[in-house]
Amino acid sequence: MSVRTVNSVTRAGLSEAGLFAAADVAGDTIPNDGNVWLEYLNASGGAITATINALIDGVSTPVRTFSIPATTGRVKVGRFPTSWNNSSGQIAISYSAVTSLTMAAFTMP
(Lines of atoms letter the chains of each structure in order from A and count residues from 1; the text may use other names and numbers.)
(Lines give C-alpha, C1' and ligand atoms only; values in the text may rest on other atoms or scores of the structure.)
Protein backbone atom coordinates (compact mmCIF):
# COMPACT_ATOMS: atom_id res chain seq x y z
CA MET A 1 0.00 0.00 0.00
CA SER A 2 1.43 3.38 -1.01
CA VAL A 3 1.19 6.53 1.09
CA ARG A 4 0.62 9.37 -1.37
CA THR A 5 1.94 12.90 -1.17
CA VAL A 6 -0.75 15.60 -1.07
CA ASN A 7 0.09 18.40 -3.53
CA SER A 8 -0.76 21.94 -2.48
CA VAL A 9 -2.54 24.12 -5.04
CA THR A 10 -1.84 27.82 -4.51
CA ARG A 11 -3.05 31.02 -6.17
CA ALA A 12 0.04 30.83 -8.37
CA GLY A 13 -1.21 27.49 -9.68
CA LEU A 14 0.35 24.04 -9.85
CA SER A 15 1.63 22.16 -12.89
CA GLU A 16 0.32 18.59 -13.10
CA ALA A 17 3.54 17.44 -14.76
CA GLY A 18 5.00 14.58 -12.76
CA LEU A 19 2.29 14.61 -10.08
CA PHE A 20 0.28 11.58 -11.28
CA ALA A 21 1.63 8.16 -10.30
CA ALA A 22 0.41 4.62 -10.89
CA ALA A 23 -2.24 3.40 -8.46
CA ASP A 24 -0.92 0.67 -6.17
CA VAL A 25 -2.35 -2.83 -6.60
CA ALA A 26 -2.41 -3.11 -2.78
CA GLY A 27 -4.29 0.22 -2.52
CA ASP A 28 -3.33 3.76 -1.59
CA THR A 29 -3.48 5.82 1.57
CA ILE A 30 -3.71 9.59 1.56
CA PRO A 31 -3.12 11.95 4.49
CA ASN A 32 -6.49 13.63 5.05
CA ASP A 33 -7.15 16.90 6.85
CA GLY A 34 -10.71 17.13 5.46
CA ASN A 35 -9.58 19.39 2.61
CA VAL A 36 -8.11 16.77 0.24
CA TRP A 37 -9.39 15.74 -3.16
CA LEU A 38 -8.17 13.04 -5.54
CA GLU A 39 -7.87 12.96 -9.31
CA TYR A 40 -7.72 9.77 -11.34
CA LEU A 41 -6.80 9.16 -14.98
CA ASN A 42 -7.82 5.82 -16.49
CA ALA A 43 -6.18 4.92 -19.81
CA SER A 44 -7.28 1.27 -19.72
CA GLY A 45 -10.00 -0.27 -21.88
CA GLY A 46 -12.39 -0.84 -18.97
CA ALA A 47 -13.96 1.16 -16.19
CA ILE A 48 -12.29 0.83 -12.79
CA THR A 49 -14.05 0.97 -9.44
CA ALA A 50 -12.35 2.71 -6.51
CA THR A 51 -13.54 2.22 -2.94
CA ILE A 52 -12.77 4.44 0.03
CA ASN A 53 -12.55 2.41 3.21
CA ALA A 54 -13.03 4.06 6.59
CA LEU A 55 -11.98 2.70 9.95
CA ILE A 56 -15.26 2.24 11.83
CA ASP A 57 -15.12 0.63 15.28
CA GLY A 58 -11.68 -0.72 14.36
CA VAL A 59 -12.92 -2.40 11.16
CA SER A 60 -12.09 -1.28 7.61
CA THR A 61 -15.50 -0.55 6.07
CA PRO A 62 -16.33 0.63 2.52
CA VAL A 63 -17.95 4.09 2.77
CA ARG A 64 -17.80 5.42 -0.79
CA THR A 65 -17.44 3.75 -4.18
CA PHE A 66 -16.97 5.55 -7.48
CA SER A 67 -16.32 4.55 -11.09
CA ILE A 68 -13.46 5.83 -13.23
CA PRO A 69 -14.52 5.55 -16.91
CA ALA A 70 -12.41 3.71 -19.49
CA THR A 71 -10.04 5.24 -22.03
CA THR A 72 -8.96 8.67 -20.90
CA GLY A 73 -11.60 8.79 -18.18
CA ARG A 74 -10.78 11.46 -15.62
CA VAL A 75 -12.47 11.69 -12.24
CA LYS A 76 -12.08 14.15 -9.37
CA VAL A 77 -13.43 13.09 -6.00
CA GLY A 78 -13.29 14.58 -2.51
CA ARG A 79 -13.26 16.20 0.11
CA PHE A 80 -13.40 13.52 2.74
CA PRO A 81 -14.51 13.79 6.37
CA THR A 82 -11.71 13.19 8.85
CA SER A 83 -13.99 10.68 10.59
CA TRP A 84 -13.06 8.33 7.70
CA ASN A 85 -9.35 8.48 8.64
CA ASN A 86 -7.38 5.56 9.97
CA SER A 87 -5.29 5.91 13.13
CA SER A 88 -2.52 7.55 11.04
CA GLY A 89 -4.85 10.32 9.80
CA GLN A 90 -5.22 8.81 6.32
CA ILE A 91 -8.04 7.58 4.11
CA ALA A 92 -7.52 4.18 2.49
CA ILE A 93 -8.52 3.39 -1.10
CA SER A 94 -8.72 0.06 -2.90
CA TYR A 95 -9.24 -0.61 -6.62
CA SER A 96 -10.94 -3.23 -8.78
CA ALA A 97 -7.94 -2.97 -11.16
CA VAL A 98 -4.89 -0.73 -11.52
CA THR A 99 -3.67 -1.30 -15.07
CA SER A 100 -3.17 2.13 -16.70
CA LEU A 101 -4.69 3.90 -13.67
CA THR A 102 -2.83 6.92 -12.30
CA MET A 103 -3.75 9.23 -9.45
CA ALA A 104 -2.72 12.35 -7.57
CA ALA A 105 -3.92 13.96 -4.32
CA PHE A 106 -4.43 17.71 -3.89
CA THR A 107 -5.31 20.28 -1.26
CA MET A 108 -5.85 24.00 -1.30
CA PRO A 109 -4.56 25.76 1.84
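With the sequence shown counted from 1, adding 6 to any position gets you the numbering used here.
Don't be surprised by glycine CBs; every beta carbon is placed ideally from N, CA and C.
When every heavy atom of the ligand ATP is checked, does at least one fall within less than 7 Å of the C-beta of L107? Although the ligand ATP was asked about, the structure shown includes no ligands whatsoever.
Mind checking I58: buried by the 16 CB within 10 Å criterion, or exposed? buried
Residues bridged to W43 [DSSP beta-bridge criterion]: G84 and F112
When you compare the CB positions of S106 and N38, do they come within less than 8 Å of one another, or not? no
Report all residues from its chain with a CB closer than 8 Å to the CB of T77; omit the five preceding and five following residues, and keep chain order. N48, A49, S50 and G51
Okay, do the region 14-27 and the region 73-92 touch, 3+ Cβ pairs below 8 Å being the bar? no
Just to confirm, are N41 and M114 a CB contact at a threshold of 8 Å? yes
Could you compute how far the alpha carbon of T16 sits from the alpha carbon of Q96? 22 Å
Alpha carbon of S8 to alpha carbon of V31, nearest angstrom: 9 Å
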